[in-house]
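Here's the structure we're looking at; comments come further down.
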Amino acid sequence: MMRAGAKIRAHDMEHLRELVDKIPSRPRYSLPHLDSGFRDPGKVQFLVALENYKAGTPRSFADPSCYKCGKMQVDTGNALKQCAGCKKVWYCDRDCQKGHWADHKAACARSKRSANV
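Just so we're aligned, residue 4 is where the sequence shown starts under this note's numbering, counting upward by one.
Right under this line is the structure:
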């Protein structure tokens, strides 16, 4: 809906905010046919999209979003930066990168090891 620039009524937006907290999420990626809800970065990105919603203004979910706070370049005005280790996650600033490191450290190491095989 947001990608197409849909106009969402205020009470529907509130309902979306209530529902998104009830949807389970996983900290990392999983196979699409095994997904049972959001992946954490997607959930955060969706919540940020709700917060920054402008009726009739399209929002692309194809662009990278910060893995910590969910913001995109359109939200921050600055280009996001990839993790220098795995090149698979993005951050809007150093604070978000540092704040997400404990969750990302093991996946980053696995990704680097598999890239070197």
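C-beta atoms are modelled at their ideal positions from N, C-alpha and C, and glycine is treated no differently. Note that the coordinates shown come from a computational prediction; the quantities given were computed from them, not determined experimentally.
Check: Can you name, in chain order, every residue of its own chain whose Cβ lies under 6 Å from the Cβ of residue 51, other than the five neighbours on each side?; Outcome: 73 and 74
Check: Among the candidates 27, 28, 48 and 56, whose CA atom is the shortest distance from the CA of residue 15?; Outcome: 56
Check: For residue 67, collect the residues of the same chain with a Cβ closer than 6 Å to its Cβ; drop the 5 residues on either side in sequence, then sort them by chain order.; Outcome: 83 and 93
Check: Would you give the residue range spanned by the alpha helix (DSSP H) that residue 19 belongs to?; Outcome: 13-23
Check: Residue 77 lies in the alpha helix (DSSP H); which residues open and close that run?; Outcome: 76-79
Check: Three-state secondary structure (DSSP) at residue 99?; Outcome: helix
Check: Which class does residue 71 belong to by DSSP, given the choice of helix, strand or coil?; Outcome: coil
Check: I'd like to know whether the C-beta atoms of residue 46 and residue 23 end up nearer to each other than 8 Å.; Outcome: yes
Check: May I have the straight-line CA-CA distance separating residue 79 from residue 58, to the nearest angstrom?; Outcome: 19 Å
Check: For residue 57, name the three-state secondary structure that DSSP assigns.; Outcome: coil
Check: Taking a contact to mean a Cβ-Cβ separation below 8 Å, would you say residue 91 touches residue 117 in this structure?; Outcome: no
Check: For residue 10, collect the residues of the same chain with a Cβ closer than 7 Å to its Cβ; drop the 5 residues on either side in sequence, then sort them by chain order.; Outcome: 58 and 59
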